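Participant: Starting off with a structure, shown below.
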Amino acid sequence: MAFSKSFPKTKDKYPVWIEVSLTDEEEKEVEEAARKHNLKLMQQCLEDAKTISNGLNTSSIAIALFEKLASHSVYWKERKLKEKFDQLK
Numbered sequence: 275m276a277f278s279k280s281f282p283k284t285k286d287k288y289p290v291w292i293e294v295s296l297t298d299e300e301e302k303e304v305e306e307a308a309r310k311h312n313l314k315l316m317q318q319c320l321e322d323a324k325t326i327s328n329g330l331n332t333s334s335i336a337i338a339l340f341e342k343l344a345s346h347s348v349y350w351k352e353r354k355l356k357e358k359f360d361q362l363k
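The end of the sequence shown is residue 363 by the numbering used here, with every number in the run present.
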């Protein structure tokens, strides 16, 4: 099932809702981009945790940093859908 979202398109007073969907290929590309971004982010969080911790629980600090910074794949998919919607205008 394709990932989709509805966006309001205002012509008059009342918006018309337009549903935009990602193709399977677009969805896989977005998931892969989010995965690569999150892996890079986790590596940075581990390095930062080592700097901060001085031998304390490095992995817990890294996970806490990562949870604050990581983007979920749903956000990436919704951003891609917004790009597609904006191209329809």
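Beta carbons: idealized from backbone N, C-alpha and C, even for Gly.
Since the structure is predicted, the reported quantities are computational estimates derived from the model, not experimental observations.
Considering just the uninterrupted stretch of the beta strand (DSSP E) at Ser295, what are its terminal residues?
Facilitator: Ser295 -> beta strand (DSSP E) spans 289 to 295.
Participant: How many angstroms separate the CA atom of Ser345 from the CA atom of Ala308?
Facilitator: Distance between the alpha carbons of Ser345 and Ala308 is about 7 Å.
Participant: Given a threshold of 16 other Cβ atoms within 10 Å of its Cβ, counted over all protein chains shown, does Trp291 qualify as buried or as exposed?
Facilitator: Answer is exposed; the Cβ neighbour count stays below 16.
Participant: Between Leu315, Val348, Glu293, which lies nearest to Lys302 when the distance is taken from Cα to Cα?
Facilitator: Taking only the C-alpha atoms, the option nearest Lys302 is Val348.
Participant: By how many angstroms is the C-alpha of Leu330 removed from the C-alpha of Lys356?
Facilitator: Cα-Cα distance, rounded: 42 Å.
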